[in-house]
């Protein structure tokens, strides 16, 4: 079924061994945040214990060692997503900050009153609100590319939405609710035909799919460490060098400057221009270990295994009467969002929790998706490499039991 | 009965349950037994904001006491509403204002008071207290 030794992999995640409410924990919320393997935790601890210092500045052993480790992760990220150079990799505190950075700095450099930004109807709030804030500031407008009921982005309508005022398209690589893997390469090709730039939100993709930003020709690609077995508080912004060079800094402070006088400050080169202040040094270094961990398992092998979990769970869930699954694309990854007819998602989530099963409930940071289906909430289960078929069986059995209790 | 004695009574009832499932089964039972709210009263004016489930709370001030009705579209929350109404409904604004609603904590449902759970119990308690303050002013 898979070449991965899942039982051995699970041993790397001691948090999964515990019981909650006297039931063995089944963690099905990795799309919100995945758990971290001991290798990542040890790396962070090692840095604290052995060579912690502030990077890029101190001329001493600890600072040098920390700087080397920190910058090595930048090179690792270049390799991981196949970026063109290390200047194109900016460390942030997460996907949300990466998008805010682009919305602000790209907005300052390129957006005029009356310009348009295209978002899709299936975006996470983090890929909506920063654009709205920028549009508000600049007098620009937001245009929405819809999806169909089965969770497919209606990309045949994209060209009709693009005009000479369109400056940027922001789209999720993988939807956090519908699980749809969007045809980003195709979208980018269309956009570039009209000189429109594209930001791809890869938060839900990087853990599940091999990503090549040059092959897809993304202008910006953003993601978070905490959704791919790394520490929380670390994110990445990939941006094409020629674009980042034209964009003004997002925040001012140390590290991002070249020279400061009270009359004028000149800014540092890429990537440091966009990294004001002391970054999350230990987090970034440990994130390098998470990338290494994932690469050692093999991103493609992990993707294939997670796909098996997704298909098995989908098939089992669909056997439940009254099951409504949102998003039914063949190209799907990572998550299943659903409701059961006549039962409130909050009740399901609360009771599953008491049975030791962690799921996400509510609006999933995607109100427009909820509005599309006319619902106020839903339940989402999401998978990572440490989940098992047995866990899915326990989960489905729990659901069946709850339907009797709650209906 | 005072607010305190009702809370003690609820605590007593819940102490009979040994595991979480039993506790929640009882909560679901209470939710299912809660009298349905007149659909006309389920409007924006009575809706408590900031909940994962929708909760409506309707006060009525009669003979110096506040009587509450409430409902939710989630049955567990309905159970919590039922308990809350049992504790506070039919008391004077002064009594409600001064009450310490510790029963949720007592019966081990404290997680429903944490800010992350956003199921509206905190919002409900706040709204009940606000009504008490408002009616206290009217009565005073």
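Chains as they are written, first to last, in this note's numbering: chain A, 15 to 421; chain B, 173 to 312. A virtual CB, placed ideally from N, CA and C, is assigned to each residue, including glycine. All values reported here derive from a predicted model rather than from experimental measurement.
The count of Cβ pairs closer than 8 Å, one atom from the stretch 30-41 of chain A and one from the stretch 273-284 of chain A, stays below three, leaving the stretches out of contact. Contact annotation, residue 20/A with residue 372/A: C-beta distance approximately 18 Å; criterion of less than 8 Å not satisfied. Look at residue 237/B here: in three-state DSSP terms it is strand.
Contact check for residue 217/A against residue 254/A fails: the beta carbons are separated by 8 Å or more. For residue 306/B, no Cβ of chain A is located within less than 8 Å of the residue's own Cβ. Taking 8 Å as the threshold, the shortest C-beta distance from residue 200/B to chain A falls below it. By the rule that beta-carbons nearer than 8 Å mark a contact, residue 191/B touches chain A. According to the DSSP assignment, residue 370/A belongs to no alpha helix (DSSP H), since it is labelled neither H nor E. Below the 7 Å Cβ cutoff, chain A contributes 358 as neighbours of residue 245/B, in chain order.
For residue 177/B and residue 188/B, the gap between their C-alpha atoms comes out near 17 Å.
In this structure, the alpha-carbon of residue 250/B lies about 6 Å from that of residue 243/B. Classified as buried, residue 341/A has 16 or more neighbouring CB atoms from the shown chains inside 10 Å of its CB. Classified as exposed, residue 215/B has fewer than 16 neighbouring CB atoms from the shown chains inside 10 Å of its CB. With a cutoff of 8 Å on beta-carbon distance, residue 227/A and residue 250/A are scored as not near each other. Within chain B, the residues whose beta carbon sits less than 7 Å from that of residue 419/A are 197, 200, listed in sequence order.
Those residues of the stretch 207-235 of chain B placed with their C-beta closer than 9 Å to a C-beta in chain A are 223, 224, 225, 226, ordered along the chain. For residue 55/A, the closest C-alpha among the options 420/A, 421/A, 307/A is that of 307/A.
Secondary structure of residue 235/A (DSSP, three-state): strand. Annotated as proximal: residue 195/B and residue 280/B, with beta-carbon spacing under 8 Å. The bridge partners DSSP lists for residue 132/A are 157/A, 183/A.
A Cβ-Cβ distance of about 5 Å is found for the pair residue 211/A and residue 182/A, placing them in contact under the 8 Å criterion. Around the Cβ of residue 259/B, a 10 Å sphere holds 16 or more other Cβ atoms; the residue is buried.
Residue 60/A and residue 87/A have their alpha carbons spaced roughly 16 Å apart. Within the stretch 357-377 of chain A, contact with chain B at the beta-carbon level (separation under 7 Å) is assigned to 358, 360, 361, 364, 365, 368, 375, 376. Shown here, residue 308/B sits in a helix according to DSSP, grouped into three states.
By the neighbour-count criterion, in which a residue is buried when 16 or more other Cβ atoms sit within 10 angstroms of its Cβ, residue 35/A is exposed. Interface criterion met: the Cβ of residue 249/B is under 8 Å from a Cβ in chain A. Around the Cβ of residue 238/A, a 10 Å sphere holds 16 or more other Cβ atoms; the residue is buried. Residue 118/A counts as buried, since no fewer than 16 other beta carbons sit within 10 angstroms of its beta carbon. Along the stretch 25-45 of chain A, the positions whose C-beta sits under 8 Å from a C-beta of chain B are 35, 36, read in chain order. Counted as a single uninterrupted DSSP element, the alpha helix (DSSP H) harbouring residue 178/B occupies residues 175-187. Not a single C-beta of chain B is nearer than 8 Å to the C-beta of residue 191/A. In the three-state reduction of the DSSP assignment, residue 286/A falls in the helix class.
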